[in-house]
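Notes for the one structure printed next.
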Amino acid sequence: MNPAAIAADQPTPRKVAIVGGGPTRVMAPFNDPTWEIWAFSSRRWQPPRVTRWFELHALTDLRQQLASRKPGRRTFPEYWRYLSSLPCPVYMQRRHRAIPTSVPFPLGPVLKRFGRCFTSTASYLVALAILEGAQVIGLWGVNPKRSDKGHRDEDYSRQRAALEYLLGVARQRGIEVVLPPGVSLRVPERPRFVATPVLYAYDWRSPHAWWRDRVREQWRLQRALAQSATHSHRNQEHRSRAVPSRALSSRAAPSQTMPYRAIPPRTLPLRSVRVRARATRVNGAGPQP
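Printed below as a string of structure tokens:
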């Protein structure tokens, strides 16, 4: 039999490209139709082709994180409009009517198979690709490292450890793992499970939800500014009320320190009185001597 015909009869391996918002996203196989494109990111970029989109943050969490403008990122209204315009399935924590193609992410089966190890969106996607029987899994635009803006060293460690564990599980199951050049991730031969007490995106209400540290810091700053403004306003009101009372007391001071004195009646000079008396005697209107 012709070897080319044999190769044509063999099923094409299922390949899943997980594409985040990092710089290596431009290297993803968008032009290769044999790859499924599973994308996620709130950055201002338009992938040429998308098979599935993933936004696993709760609505309130997402709205708060995208409340202010950040360089290179969409605001919440912009991102929400973009999600609602996608024709592909949009995986979220639950279905939203405003997102017509939204579907719930299968968190239960993923946790049952892999445990509580998820510390990034990419880790959920790797687990789902394994569950769905992908034979090749590639990561582009995903590279948690210490130089990432807004990520502390412990955040880096959490994200990296969970992602490398799941990539190691994939390789153990015979799945080919593809990483672009320059990525610092490694695929361990003996993956070590690392549990997390806080599930990324889902446990956003927890005080230990480390990805919300910046949001909480902004809240603390806003509260401090609001309290300072309120305190300043109250002080100003107090001063404005105190000034009239002091002015009134200063105006009333002379009447309190100086007793009332009646103005004496107007008197005529002595010479005028004598002239009038002589005129009276001459006319006979006055008393006689």
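Positions in the sequence shown are counted from 1; adding 12 to them yields the numbering used here. Don't be surprised by glycine CBs; every beta carbon is placed ideally from N, CA and C. What you are looking at is a predicted structure, and each value in this text was computed from that prediction instead of being measured.
| Query | Result |
| --- | --- |
| Inter-residue spacing [alpha-carbon to alpha-carbon] between residue 8 and residue 150 | Residue coverage of the chain in this structure runs from 13 to 301, which leaves residue 8 outside it and unanswerable. |
| Inter-residue spacing [alpha-carbon to alpha-carbon] between residue 79 and residue 229 | 14 angstroms |
| Residues that DSSP places opposite residue 114 in a beta bridge | 102 |
| Spatially closest choice to residue 126 from 61, 203, 35 and 51, by CA coordinates | 203 |
| Residues near residue 208 in its chain [Cβ-Cβ closer than 8 angstroms; skip 5 each side] | 128, 129, 130, 131, 170 and 174 |
| Under the three-state DSSP convention, the category residue 149 falls into | strand |
| Chain-order list of residues whose beta-carbon lies under 6 angstroms from that of residue 59 (same chain, five-residue window excluded) | 51 |
| Straight-line Cα distance separating residue 148 from residue 190 | 7 angstroms |
| DSSP-derived helix/strand/coil call for residue 27 | strand |
| Identity of the residue in 65, 86, 172 and 251 nearest residue 140 by Cα | 65 |
| DSSP-derived helix/strand/coil call for residue 47 | strand |
| For residue 82 and residue 48, believed in contact at Cβ under 8 angstroms, the rounded distance | No, residue 48 and residue 82 are not in contact; Cβ-Cβ is about 29 angstroms, not under 8 angstroms. |
| Option in 24, 23 and 32 with minimal Cα separation from residue 192 | 32 |
| C-beta atoms of residue 56 and residue 75 nearer than 8 angstroms | no |
| Whole alpha helix (DSSP H) elements within the region 182-238, 4-residue minimum | none |
| Whole-number beta carbon distance between residue 212 and residue 223, since they are thought to touch under 8 angstroms | 7 angstroms |
| Host beta strand (DSSP E) of residue 64 (start-end) | 64-66 |
| Proximity below 8 angstroms, CB of residue 113 to CB of residue 68 | no |
| Residue environment, residue 105, which counts as buried when at least 16 other CB atoms sit within 10 Å | buried |
| Cβ neighbour criterion (16 or more within 10 Å) applied to residue 176 | buried |
| Separation of residue 179 from residue 123, as counted between CA atoms | 16 angstroms |
| Under the three-state DSSP convention, the category residue 85 falls into | strand |
| Same chain only: Cβ atoms within 7 angstroms of residue 39, ignoring 5 sequence neighbours per side | 152 and 192 |
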